[in-house]
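Below is one structure, written out as structure tokens, with a few remarks after it.
There are 2 protein chains.
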Amino acid sequence: MAKKSYPLPKVYGLLEPGPVVMVTTAGKDKMNIMTMSWHTMIDFEPPLIGCVISNRNYTFDILKTTRNCVINIPTVELAEKVVGCGNTSGRDVDKFKAFHLMPAAASCVKAPLIDECYANLECKVVDARMVTKYNFFILEVIKAWIDPSRKEPRTIHHHGRGAFMVAGKTIKLPSKMK
Amino acid sequence: MAKKSYPLPKVYGLLEPGPVVMVTTAGKDKMNIMTMSWHTMIDFEPPLIGCVISNRNYTFDILKTTRNCVINIPTVELAEKVVGCGNTSGRDVDKFKAFHLMPAAASCVKAPLIDECYANLECKVVDARMVTKYNFFILEVIKAWIDPSRKEPRTIHHHGRGAFMVAGKTIKLPSKMK
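Chains E and A are the protein sequences, given in the same order.
For the first sequence, the residue numbers in the numbering used here are 2 to 179.
For the second sequence, the residue numbers in the numbering used here are 2 to 179.
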């Protein structure tokens with residue numbers, strides 16, 4: 002293959018396409034929503050998730066203080082609301098109201114579920130040692146919810162600067178991988 | 002939405018669908034390939050990547066010792082080889098030979114590029130403090146390669162147990178997000 006050198010600052014667009022998620026938190030007197038793409042599984046069971054939440058985000062201080070959040074997984078039908086939440090700050094906007102999203106009570110944490118998302122993961126912060134250096138939180142999923150009627154949810158996967166890959170078909174290959 | 006409780010051990014299949022990648026390393030006398038889905042961007046510039054490489058994998062010791070690797074991003078045409086590399090161990094198999102993949106020299110690291118992959122990221126380990134507890138390495142991308150002829154590369158995204166979502170179409174939304 003003929004290849005050309007690729008700019009380092011654009012590399013993130015190649016690697017981040019996990020599903021875009023919306024992180025909800027509950028501060029002292031209001032709830033918030035943050036759009037996030039930088040997350041990875043860390044362990045299977047209990048499920049541990051590592052994620053980057055910038056200290057410039059309104060969510061950062063709330064998460065550090067309350068140590069709980071919900072990771073909500075939207076599908077393409079919600080794409081405009083997802084981007085809207087990414088373009089605004091909870092400092093200025095009540096995003097549930099502004100984007101007509103429905104908060105629902107979680108069972109184990111104070112942060113709300115976003116009802117419209119096909120899956121919701123209630124999480125608590127279990128390791129904050131990498132927060133100062135990398136804004137990197139390790140979360141444990143303590144309760145998970147899914148809409149069983151959604152068979153092949155068309156998640157969206159950020160490629161940077163407003164370009165989103167929409168999940169296509171699923172293929173199955175004989176695999177020993179978990 | 003009517004939701005049901007979702008088993009915690011299956012949660013990883015919801016969150017991991019970043020592109021499946023193949024990590025190459027060069028040990029003392031042989032090269033190896035490992036299939037990986039647990040990675041996230043950590044920072045934009047220099048690009049930092051966090052990834053989980055189990056201490057049961059042959060790649061783990063090589064990476065700890067040599068502190069360099071290449072992250073190769075395959076597309077759906079390579080899906081069977083990707084799964085083949087995930088189902089075998091470099092302890093027993095020369096995966097480049099077994100799966101007819103072509104190693105190419107990297108420019109900054111000893112680990113090889115996989116020529117057939119549309120993008121290759123040459124990396125060095127910059128932080129190994131989370132390796133003992135979480136098998137979590139922080140890599141810095143020091144050189145990146147891409148095949149400019151691939152406009153919408155159909156990456157694959159692991160949902161667990163051999164199910165892979167194939168990248169669908171791309172949509173563009175007005176976004177202030179990087």
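Backbone N, C-alpha and C define an ideal beta-carbon position, used for all residues, glycine too.
query, result
"Taking only beta-carbon positions, decide if Thr-76 (chain A) is within less than 8 Å of chain E.", "no"
"Can you tell which of A:Pro-47, A:Arg-68, A:Ile-74, A:Asn-56 has the C-alpha that lies nearest to the C-alpha of Gly-19 (chain A)?", "A:Ile-74"
"Flag Ala-26 (chain E) as yes if its beta-carbon sits less than 8 Å from any beta-carbon of chain A, otherwise no.", "Strictly speaking, residue 26 (chain E) in this sequence is Thr, with Ala absent from that position. With 8 Å as the cut-off, Thr-26 (chain E) does not count as an interface residue toward chain A."
"Could you tell me which residues DSSP pairs with Asn-1 (chain A) in its beta bridges?", "With chain A represented from 2 up to 179, any question about residue 1 (chain A) goes unanswered, as that position is not in the structure."
"Kindly confirm or deny that the stretch 31 to 43 of chain E and the stretch 35 to 48 of chain A touch, where touching means at least three C-beta pairs closer than 8 Å.", "yes"
"For Val-83 (chain A), collect the residues of the same chain with a Cβ closer than 8 Å to its Cβ; drop the 5 residues on either side in sequence, then sort them by chain order.", "Val-21, Met-23, Thr-36, Pro-75, Ile-157"
"Would you give the residue range spanned by the beta strand (DSSP E) that Val-110 (chain A) belongs to?", "Where Val-110 (chain A) is concerned, there is no enclosing beta strand (DSSP E), given that its DSSP letter is neither H nor E."
"For a minimum of 3 consecutive residues, which ranges assigned as the beta strand (DSSP E) are wholly contained in the stretch 26 to 94 of chain A?", "32 to 37, 40 to 44, 49 to 53, 69 to 74"
"Quick one: what does DSSP say Phe-137 (chain E) is sitting in, helix, strand or coil?", "strand"
"One question on the structure: do Asn-121 (chain A) and Asn-56 (chain A) come within less than 8 Å of each other, judged by their Cβ atoms?", "no"
"Using CA atoms only, rank isn't needed, just tell me which of E:Thr-25, E:Lys-177, E:Gly-87, E:Lys-144 is closest to Pro-8 (chain A).", "E:Lys-144"
"Consult DSSP for Gly-161 (chain A) and reduce its assignment to one of helix, strand or coil.", "strand"
"Which whole-angstrom value is the C-beta distance of Pro-175 (chain E) and Gly-163 (chain A), which I expect to be below 8 Å?", "6 Å"
"Mapping DSSP to helix, strand and coil, what is Lys-170 (chain A)?", "strand"
"Would you list, in chain order, the members of the stretch 119 to 150 of chain E that have their beta-carbon closer than 9 Å to a beta-carbon of chain A?", "Tyr-119, Ala-120, Asn-121, Leu-122, Asp-128, Arg-130, Met-131, Lys-134, Tyr-135, Asn-136, Phe-137, Ile-139, Val-142, Ile-143, Lys-144, Ala-145, Trp-146, Ile-147, Asp-148, Pro-149, Ser-150"
"Could you check whether Ala-107 (chain E) and Glu-123 (chain E) sit closer than 8 Å to each other, using their CB atoms as the reference points?", "yes"
"Once DSSP output is grouped into helix, strand and coil, what is the label at Ala-145 (chain E)?", "strand"
"Apart from the five residues just before and just after Met-103 (chain E), which ones in its own chain have a Cβ nearer than 8 Å to its Cβ?", "Phe-97, Ile-115, Asp-116, Glu-117"
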